[in-house]
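I have placed the structure first, in the form of structure tokens, so that the comments after it can refer back to it.
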Amino acid sequence: MVLLRELCAYMDNLLEISLFDDYAPNGLQVEGRTSVKYIVGGVTASLSLLEAARQRGADAVLVHHGYFWQGESPRVVGAKRRRMHCLLESGMSLIAYHLPLDAHPIFGNNAQLATVLGFETEGRFGPGQKLGYYGRLPEPMSGDALSEVIANALGRVPLYIDGNRGRKDIRTIAWCSGAAQDYIEDAARLGVDAYLSGEVSERTTHVAREEGIAFFAAGHHATERYGVAAMLCHLGEKFGVNYEFIDIDNPV
Ligand SMILES: [Zn+2]
99 MVLLRELCAY
109 MDNLLEISLF
119 DDYAPNGLQV
129 EGRTSVKYIV
139 GGVTASLSLL
149 EAARQRGADA
159 VLVHHGYFWQ
169 GESPRVVGAK
179 RRRMHCLLES
189 GMSLIAYHLP
199 LDAHPIFGNN
209 AQLATVLGFE
219 TEGRFGPGQK
229 LGYYGRLPEP
239 MSGDALSEVI
249 ANALGRVPLY
259 IDGNRGRKDI
269 RTIAWCSGAA
279 QDYIEDAARL
289 GVDAYLSGEV
299 SERTTHVARE
309 EGIAFFAAGH
319 HATERYGVAA
329 MLCHLGEKFG
339 VNYEFIDIDN
349 PV
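With our numbering applied, the sequence shown corresponds to residues 99 to 350, in that order.
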């Protein structure tokens, strides 16, 4: 058992939330019971995740995508009302970490993604807190072979744009989870053979071809499952709380 405020203060500090200029508040977003014995984690605080957490009697829900995004309507209506109602009625807290949980060198989505995909990390890139990572593959391989590695590891076939038109094997790669497809030009400037993100835009194809870089869209959800899962495991060890990661399938 841990006090909610102790748990949140610990994570706020560990993930260094004060360093980030984010699109949503990091940390405690909706306050529930004062003590926490059981935490459910997931990528997004959707109604299905909340209902699964309530069914298990969770005290808190830990996610990467919480609420109160910059630019969204602040009104509590429709889907947002149903989500808030589920939280407030059940007494569960909602705790969310966005960019800090992409960037963290151990528990972050990008650090964890490197482990899952077998990439060796050599450095970080991108604006601000340098959310992007770069490094190399354990061995050079074709884009098709790398697609297969990604599909096997993430359980989802990536979209592969052969920007370098099969000219050479992929040795070096940069990656950034989620909707970071527009970091492709920063990745190309690093001189790596390939760039991997979660999402893709129409323009990404052209940039990949013109920069001569292979591009993989491996799924926003699929690339952002591992940070929350790693945090849960750490909180279990640190505070002795019970936890479960619930993967609500999302093809995007
Ligand atoms: Zn995301």
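C-beta atoms are modelled at their ideal positions from N, C-alpha and C, and glycine is treated no differently. Bear in mind the structure is a predicted one, so any value in this text is a computation, not a measurement.
Cβ separation of residue i and residue j, assumed to be a contact under 8 Å, to the nearest whole Å
i, j, result
"R152", "M190", "7 Å"
"E300", "H318", "E300 to H318, Cβ: 16 Å. No contact."
"P256", "I268", "Contact doesn't hold; Cβ gap of about 13 Å is too wide."
"A177", "Q127", "That belief does not hold up - the Cβ atoms of A177 and Q127 are roughly 16 Å apart, past 8 Å."
"V385", "F343", "Within the shown structure, residues of the chain are numbered from 99 to 350, placing residue 385 beyond reach of any answer."
"A328", "Q279", "Wrong, their Cβ atoms sit about 24 Å apart, outside the cutoff."
"P198", "N124", "6 Å"
"D119", "G253", "Not confirmed; about 33 Å, so no contact."
"G164", "A122", "6 Å"
Cut-off 8 Å between Cβ atoms - residues of its own chain near residue i, not counting five sequence neighbours on either side
i, result
"Y232", "T219, E220, G221, R222, F223, T270, I271, A272, W273, A285, L288 and V290"
"E129", "L102 and S191"
"I346", "G140, V141, T142, S144, S146, L147 and A150"
"L235", "G216, F217, E218, L244, I268, R269, T270 and I271"
"E283", "V305 and E309"
"S240", "G264, D267 and I268"
"K228", "A201 and R222"
"P172", "F166"
"L330", "I137, G139, L160, Y341, E342 and F343"
Assigned exposure category for residue i - 16 Cβ within 10 Å defines buried
i, result
"Q168", "exposed"
"H196", "buried"
"N250", "exposed"
"L101", "exposed"
"S146", "exposed"
"G206", "buried"
"H162", "buried"
"L186", "exposed"
"Y341", "buried"
"G276", "buried"
"V339", "buried"
"V350", "exposed"
"A306", "buried"
"L294", "buried"
"L117", "exposed"
Any non-hydrogen atom of ligand 1 within 6 Å of residue i CB
i, result
"G276", "yes"
"E322", "yes"
Close Cβ partners of residue i (< 6 Å) along its chain, the five nearest in sequence each way excluded
i, result
"H202", "L113"
"Y281", "G224, G230 and C274"
"M182", "V174"
"R131", "D157 and G189"
"A292", "I268, I271 and A312"
"L105", "V134"
"N348", "H319"
"R180", "L145"
C-beta neighbour in chain B for residue i, strict 7 Å
i, result
"I115", "The structure shown contains no chain B, having only a single protein chain."
Same chain, Cβ closer than 7 Å to residue i, neighbours up to 5 away in sequence not counted
i, result
"I204", "none"
"T303", "I259"
"H332", "F205"
Evaluate contact between the region 139-156 and the region 107-121, counting only Cβ atoms and requiring at least three cross-stretch pairs below 8 Å. Pairwise C-beta distances place the region 139-156 out of contact with the region 107-121, as fewer than three of them are shorter than 8 Å.
Would you call the region 210-217 and the region 318-329 touching, i.e. three or more CB-CB distances under 8 Å? Contact between the region 210-217 and the region 318-329 is present, with at least three C-beta pairs closer than 8 Å.
Does the count of Cβ pairs from the region 303-311 and the region 250-262 closer than 8 Å reach three? A contact between stretches requires three or more CB pairs, one per stretch, nearer than 8 Å, and the region 303-311 meets this requirement with the region 250-262.
Say whether the region 121-135 touches the region 156-164, bearing in mind that this needs 3 or more beta-carbon pairs closer than 8 Å, one atom from each stretch. Output reads yes: the region 156-164 touches the region 121-135.
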